[in-house]
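Taking this note's numbering, the leading residue of the sequence shown gets 5, the next gets one more, and so forth. Each residue gets a CB set at the ideal place from its N, CA and C atoms; glycine is no exception. Please read all numbers here as calculations on a predicted model, not as lab measurements.
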Amino acid sequence: MTTKETTSGENLARLNANLERIEDLSQRLVAAFSKKKPIHPGLEGPGHDLYMKAATAYMSNMMTDPAKLLENQVGYWGKAVQNYIEIQNSLLQGEEIEDSEAPSTDRRFSDPLWNTHPFFHYVKNQYLASSSAIAEAVENLEGMEDTDKKRLKYFSQQVIDMMSPTNFLGTNPTALTKAVETDGQSVVDGLENLVRDLEANDGDLLVTLSDKDAFKLGENIATTEGSVVFRNEIFELIQYAPKTEKVKATPLIIFPPWINKFYILDLKEKNSLIRWIIDQGYTLFVVSWKNPDASYSDFSLDDYIEKGYLTAIEQVKSITKEEQVNAIGYCIAGTTLALTLALLNKRGDNSVKSATFFTTMTDFEDQGEMTVFLSDDFVDAIEAEIAEEGILDKMIMSRTFSFLRSNDLIYAPAIKSYMMGEAPPAFDLLYWNGDGTNLPGRMAVQYLRGLCQGNQFANEGIELLGETLRLEDVKTPLYSISCETDHIAAWDACYSGVQKMGSKSKTFVMSESGHIAGIVNPPSKKKYGHYTNPELNLSAAEWRESADFNEGSWWPAWEKWLKTRSGKQKPARVPGSEKKHPVLDPAPGKYVSEKPKVH
């Protein structure tokens, strides 16, 4: 037998073995899907009213200006025919394809076969033409309210992205090439990854973005030295060990969002804001929130303020024997910090000397990209789900935020994992992104209905803890950092909220990049700059136009501001040195890795 025959036989045996393995995996796949728990249909897509509004607007446009719609359709037909003729000529003449369009900068079509292989070239161009025609048709649709139009554009784009030929094995040249080269092993590995994700999430499909075995809290991530010095039913208070002999008198406390875990600010030493703050000579405390189960269904914003913020502030004051603290709130925790500051002002309590807000919305007049998920149909569905489950499950939250960047956070990882059979990367940021938390039912409804939809804090006021709280009641000196490309808390919406606060001392900064990278931006990397402008009476557009650009991270400028509000130097404070606050556990504590009970 020749070497060629031996190799061919081995390849055939391997292919047959993989086909048998696919059959076994297919049975597991069906079993995994059968465990999927149904969720409210309103969480799967927009309500029927949006379709009716779109159809009504389309029919109205067709009656009033049929030429415009026909022009769009004829233009699409022309591109489709031209695409077909180009491929036919190339096949008949046996020549390389001459693409009449400019090269695509779309990363999905980076494989050279999209431009050189007649079939894939045709599929790509036809998809791009169809995508453009749909987007143009939606954009030109008149007679819809702005919010409905924005939602229609978003969901139309979701359909466009979902139908990309890259998302299907039969029309993905990269995946097909690898399948042939590996005798089907990549397809088997991909199916293994798909079944693994389904089984891990009880039938729900949530793509694993990062190698879950690559990181362990307290060992190679969230490693800054510290101790849990207080714990109640809603949070652990971590006090970090000092790195300097002297520290500023006024302690600093960080309130991270309870939608995710606090260690986004302590991923690795080189990009840890927590470690950097300690190195500057501050006594730092961080709140680590409890990941709630259904027993927390009645926990409200009132509870988060009273049992969370106010309790944490009092504990820090007691430990440090200081009358005031400086506070930081990130995202939803920044919104709630603003509510807390308004409450303290109402009570005549000046426990917070200064406040810093990271990507914090307090005025929801313009909800940005989140508008698509804040209409009644979606919020009604969330409320119905909460009524049954008691919590807003982390799966729903994670999927919602992922679909705001579906190509990057859903389809591209799915292609690599399920079609190419690749293992997820060891990426700390993506590991954190997949480590979500649940939200207590009552709190979630209050936040969505009262703050997001009703915008009560910026308008008539929101009733909490026996007080009517308004943005104008926030009198504390503040420093707000927004992010230029933030898709969760748009920078101009953050700016509007700061404008309406009653503080006499305000600083507003816009960092380059997005919701995470714009905040976790250490000076050593010299990666993203930031914009500053002391004139806060301008419109957002005017502020941006006249703002000064500053190279590098905003961290040093903020620390310079904070230093002037942090008092004199004192001997460094060691966690657990106070008898009333002994060390309960080493950082990062128990709550950060605790899995909520399943009811």
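Minimum C-alpha distance to residue i - residue among the options
| i | options | result |
| --- | --- | --- |
| Asp110 | Trp547, Glu90, Tyr131, Asn93 | Tyr131 |
| Ala58 | Val85, Glu90, Ser581, Ser160 | Ser160 |
| Asn144 | Pro70, Glu471, Asp283, Leu341 | Pro70 |
| Thr364 | Ile336, Leu343, Asn349, Gln371 | Ile336 |
| Lys508 | Cys487, Ser484, Lys479 | Lys479 |
| Asp412 | Ala391, Asp397, Asn437 | Asn437 |
| Tyr499 | Gln460, Leu455, Leu468, Ala544 | Ala544 |
| Tyr80 | Tyr158, Ala137, Asp201 | Ala137 |
| Lys154 | Val142, Asp165, Trp559 | Val142 |
| Gly556 | Ser528, Ala253, Asp217 | Ser528 |
| Ala204 | Val596, Ala35, Pro417 | Ala35 |
| Glu140 | Thr339, Asp150, Asp152, Lys157 | Lys157 |
| Ala253 | Tyr595, Gly352, Ser38, Lys572 | Lys572 |
| Asn87 | Ala427, Val127, Leu347 | Val127 |
| Pro429 | Gly174, Ala218, Trp559 | Ala218 |
| Met63 | Gln97, Phe234, Pro42, Met148 | Met148 |
| Leu469 | Gly51, Asp306, Ile390 | Asp306 |
| Ala569 | Pro255, Lys83, Ile263, Glu598 | Before going on, a small fix: residue 569 reads as Arg here, not Ala. Closest by alpha carbon: Pro255. |
| Ile238 | Arg453, Thr68, Gln77, Pro296 | Pro296 |
Beta-bridge partners of residue i, as assigned by DSSP
| i | result |
| --- | --- |
| Pro590 | Ser231 |
| His534 | Ser515, Asn554 |
| Ser358 | Asn330 |
| Pro444 | Ile395 |
| Asn472 | Sequence inspection shows Thr at residue 472; the Asn mentioned does not correspond to that position. Note: Thr472 sits in a beta bridge opposite Glu467. |
| Trp293 | Phe239 |
| Cys487 | Ser515 |
| Tyr244 | Gly230 |
Whole-Å CB distance - residue i paired with residue j, under 8 Å assumed
| i | j | result |
| --- | --- | --- |
| Phe431 | Ser214 | 5 Å |
| Leu241 | Gln319 | 6 Å |
| Ser425 | Val211 | Going by the sequence as given, residue 425 is Gly instead of Ser. Not confirmed; about 14 Å, so no contact. |
| Tyr532 | Asp552 | Their Cβ separation, rounded to whole angstroms, is 15 Å, which puts Tyr532 and Asp552 out of contact at 8 Å. |
| Leu29 | Pro592 | 37 Å between Cβ atoms; not a contact. |
| Leu433 | Leu271 | 7 Å |
| Asn236 | Lys311 | 6 Å |
| Asp477 | Asp53 | About 37 Å; that fails the 8 Å criterion. |
| Val251 | Tyr286 | 6 Å |
| Ser515 | Ile485 | 6 Å |
| Thr228 | Ser292 | The pair is not a contact, with the Cβ atoms about 12 Å apart (cut-off 8 Å). |
| Ile91 | His121 | About 10 Å; that fails the 8 Å criterion. |
| Gly194 | Tyr422 | 4 Å |
| Ala576 | Thr248 | 6 Å |
Coarse secondary structure for residue i, derived from DSSP in three states
| i | result |
| --- | --- |
| Glu326 | coil |
| Leu221 | strand |
| Cys335 | coil |
| Tyr267 | helix |
| Gln573 | strand |
| Ser421 | helix |
| Gln371 | coil |
| Ile43 | coil |
| Leu29 | helix |
| Val251 | strand |
| Phe259 | strand |
| Tyr286 | coil |
| Leu482 | strand |
| Lys311 | helix |
| Lys510 | strand |
| Met66 | helix |
| Thr7 | Residue confidence for Thr7 is low, a pLDDT of 48 falling below 50, so the modelled location carries little weight; the figure read from the coordinates is stated next. Three-state result, Thr7: helix. |
| Tyr595 | coil |
| Asp380 | helix |
| Asn197 | helix |
| His52 | helix |
| Val85 | helix |
| Glu75 | helix |
| Ile278 | helix |
| Glu149 | coil |
| Met401 | helix |
| Leu213 | coil |
Taking one C-beta from the stretch 175-190 and one from the stretch 111-125 each time, how about it: are there three or more such pairs within less than 8 Å? yes
Segment contact flag, the stretch 41-51 with the stretch 374-394, C-beta cutoff 8 Å, min 3 pairs: yes
Should the stretch 318-333 be regarded as contacting the stretch 349-365, the criterion being three or more beta carbon pairs within less than 8 Å? yes
Could you tell me whether the stretch 551-565 touches the stretch 256-265, where touching means 3 or more Cβ pairs closer than 8 Å? no
Between the stretch 490-503 and the stretch 371-384, can you find at least three pairs of beta-carbon atoms closer than 8 Å? yes
Using a Cβ distance threshold of 8 Å, determine whether the stretch 337-349 contacts the stretch 458-477, with at least three qualifying pairs required. yes
Segment contact, 8 Å Cβ cut-off, at least three pairs: the stretch 577-594 with the stretch 192-211: no
Could you say if the stretch 294-308 and the stretch 393-408 meet the contact criterion of at least three C-beta pairs nearer than 8 Å? yes
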